[in-house]
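Structure, as structure tokens:
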Amino acid sequence: MEAVIIDKLPFPFFIAASDNRILYSNEMLQKHIPFSGKCIHEVFDTWAELRGGQLVHASWEGKDWIFIKSPFLDSEKIGYIGTFSTELTSLIKELKEANKVNRELNAVIENMYDGIYITNKEGITVKTNSAIERLTGIPKEYYIGKKVADLMKRGILKNSVTHQVLEKKRSVSLVQQNFKGREVLLTGSPVLDENGEIESIVTNIRDLSELNDLQAALTKANQLNHSYKEEIERLKGKSFTKSGVVIRSEQLQKIYETAERIANVDATVLILGETGTGKDVLARYIFDNSERSRRGQMIKINCGAIPPDLLESELFGYEAGAFTGASGKGKPGMFELANDGVLFLDEVGELPLHLQVKLLRVIQEREVQRIGGTVPKKVDVRTIAATNRNLKEMVADGKFREDLFYRLNVIPISIPPLSDRKADILPLVDYFLEVMNSKYSLEKQLSSGLKEFFYNYGWPGNVRELSNLIERMCLVTEESTLTVDHLPADYRKTEMQAIPINEMMTLKQATEIAEEKLLKLALKKYRTTYELAEALDSSQPTIVRKLKKYNLKF
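Dropping the structure here:
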């Protein structure tokens, strides 16, 4: 009776011996698979035990089967109850794939250099990796199953981001010293379920002590590199320090790069530019970066500040008794004092014609003859001249010798006015403010509105005017923060005028002014480049490039 009942079961069933030989199969199974006393592996194409042998995945002629393995209590026979199901087979394949992915993730977590600490939403530790032992000195198994709150009570954890992540429902980072006294960065991130609720928290623990040590080593290496570079430059006879020189604009960078290239040649340099653009600073820079700075000195003479009657004796010197009132010992001229160095002739366009002849001779022959003297004296002097006048027009008008002009104009360098190199304005403002604060023991600051005025002002007096105005405002203003209201009256009138757009301005220049003004307004409202990009309907890289172009910062 029992055999009949088993034979009529509505699902596949067979019995096998301990050696896997099939002893019996019911009608349901024989409809699909003919059994004839064969072994299991002779009948099925594949036979794979799952979950420790409790389940079996088998296949026969392309069909998948799932069998439940059930041993008989009173014998060594084994019963197999099965079903034919493609859906169940797919789940088993997915389970295999999930197990594979799980093994890979476990391997990744275990081999990460940073410590990984995973808790559930109740704050109970479910997983850590071996790196946490290196960071804390405590075996990773100790953490499993323990609550974060209990670990904090025992002093193993000083602070935890787990509670903060649960409270704020977002990633949280904090820096602290761990159980071993090492500085670590903790970053906790929530893992959300399909309903958007937190089901676990993953905490990354990074050792900052090693990073700090590396940063300190890198800083030390950079300092050594800097000192080595300075020493190399010193041995080359080249001053590495650009004292008092603020270079930001592309025009000025090219000018000073040229100055470095021609520093150690003896060709005459003619520096052109408006009053106050820094012609004497450039001349000093050329001298400081030359070999001559190690052998001689730089002598400066302003050709327009000395009366013509005295200028000749100042330049070329005189012998004893050469004229009434002359010193009884005579006096060397500027050329003799500048021997082995540089003579800087400022405002050379003011030099009288009769002295231009003597100057030309000294430059050509490299010898000077004092007033009242009979024997010329050899001198080794490099001449650097500067003027704010148009020497070519003066040559055409007969006010400057053509031969002297070409002798001076061997290496012409033209410094543009400050209004044409706006990138230099704000760095100069910061430099002069620092100088004044140090010089007069002040702590002055500039408002953003005043900086904006400085940037947009025309500066007809160039760098000298800027320096003088900052010094004046620092000294006469009581408040620590200088604003537009502290400007002198004549400057405030200028400040009230509109943005300087005129009919001679190109479309590109007008666009740049409007673009810069818009960026300045946006900087007052937004705090990141991404917010700026969204507000101005632009891309973040474009915003970064524009801010750099106009030297703007948050």
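Position 95 of the sequence shown, counted from 1, bears residue number 137 in the numbering used here, the numbering being contiguous throughout.
C-beta: ideal position from N, C-alpha, C; glycine also.
CB-CB under 8 Å to residue i, same chain, minus the five flanking residues each way: which ones, in chain order?
i	result
GLN411	PHE358, VAL417, PRO418 and LYS419
ASP61	CYS81
TRP501	PRO459, LEU460, SER461, ILE467, GLU507 and LEU508
ASP445	LEU402
PRO394	PRO350 and LEU353
SER213	VAL207, THR229, GLY230, SER231 and PRO232
ARG408	LYS420, VAL421, ASP422 and VAL423
ARG449	THR310, LEU402, ILE405 and GLN406
ASN544	Since pLDDT at ASN544 reaches only 49, below the 50 mark, its modelled position is unreliable, and the value read off the structure follows with that caveat. Taken in chain order, the list of residues that qualify is empty.
SER281	Legend: pLDDT at SER281 = 35, less than 50; position of this residue unreliable, no value from coordinates given.
Less than 7 Å between the C-beta atoms of residue i and residue j, yes or no?
i	j	result
THR425	ILE405	yes
ILE313	ALA428	yes
LEU228	VAL244	no
CYS345	VAL390	yes
ASP87	TRP107	no
GLN582	ARG463	no
LYS163	GLU236	no
LYS481	LEU524	no
ILE248	ASP156	It should be pointed out that residue 248 corresponds to Arg in this sequence rather than to Ile. Yes, they are a contact pair.
ILE186	THR161	no
PHE53	TYR122	no
ALA577	TYR568	yes
ILE348	MET376	no
GLU354	LEU387	no
HIS83	LEU92	no
PHE114	GLY124	no
ARG290	ALA465	yes
THR571	ILE585	yes
LYS111	GLN96	yes
GLU152	ASN171	yes
I think residue i touches residue j, with their Cβ atoms under 8 Å apart; what is that distance to the nearest whole Å?
i	j	result
THR319	ASN504	5 Å
ASN451	THR317	That belief does not hold up - the Cβ atoms of ASN451 and THR317 are roughly 20 Å apart, past 8 Å.
LEU475	LEU488	6 Å
VAL526	LEU492	5 Å
PHE596	LEU560	Not confirmed; about 15 Å, so no contact.
GLY338	ALA301	Not quite, the Cβ-Cβ distance comes to about 18 Å (not below 8 Å), so this is no contact.
LYS550	LEU594	Between LEU594 and LYS550 the Cβ distance is about 18 Å, and since that is not below 8 Å, they are no contact.
ALA191	GLY165	6 Å
LEU324	ILE455	7 Å
ALA140	MET154	The Cβ separation is near 21 Å, so there is no contact.
Excluding the 5 residues flanking residue i on each side, which residues of the same chain have their C-beta closer than 6 Å to its C-beta?
i	result
PHE442	LEU433 and MET436
SER335	PHE329
ILE304	ILE453
PHE447	LEU433 and VAL437
LYS188	THR167
THR519	HIS528
ARG534	none
GLY440	none
LYS169	ILE160
LYS284	Any reading at LYS284 must be qualified, since the residue scores a pLDDT of 49, below 50, and its modelled position is unreliable; the value itself is stated next. Within the same chain, LYS284 has no close Cβ partners at all.
Which residues in the same chain as residue i place their Cβ atom closer than 7 Å to its Cβ, once the five residues preceding and following it in sequence are excluded?
i	result
ARG326	MET340
TYR360	ALA368, GLY372, LYS373, ARG412, ILE413 and GLY414
LYS308	For clarity, residue 308 is Asp in the given sequence; the question names Lys instead. Here the set comprises ARG424.
PRO181	GLU175
LEU385	ILE341, MET376, PHE377, VAL423 and THR425
LEU51	ASN68 and MET70
Can you tell me where the alpha helix (DSSP H) with residue i in it begins and where it stops?
i	result
ASP322	321–330
THR178	173–178
LEU561	549–567
LEU589	582–591
PHE495	490–498
LYS182	Unbroken run through LYS182: none, as it is neither H nor E.
ASP445	444–450
PRO469	467–482
ASN344	Unbroken run through ASN344 is the beta strand (DSSP E), 340–344; no alpha helix (DSSP H).
ILE110	Taken as a continuous stretch (DSSP letters only), ILE110 belongs to no alpha helix (DSSP H), being part of the beta strand (DSSP E) at 105–113.
List the endpoints of the continuous beta strand (DSSP E) containing residue i.
i	result
THR125	120–126
ARG424	424–429
GLU91	88–92
ASN162	157–162
THR167	167–170
>> Threshold first: 4 residues or longer. Then list the alpha helix (DSSP H) segments lying entirely within the region 197–246, N to C.
In response: DSSP runs (the alpha helix (DSSP H)) wholly in the region 197–246: 204–210.
> In the region 349–420, which residue ranges form an unbroken beta strand (DSSP E) of at least 3 residues, counting only runs that do not cross its ends?
Replying inline: For the region 349–420, the continuous beta strand (DSSP E) assignments of 3+ residues that do not extend past its boundaries occur at 384–388, in sequence order.
> Curious, which full-length alpha helix (DSSP H) runs of at least 4 residues does the region 48–76 contain?
Replying inline: Taking 4 residues as the minimum length, the alpha helix (DSSP H) runs contained wholly in the region 48–76 are 69–74, in order along the chain.
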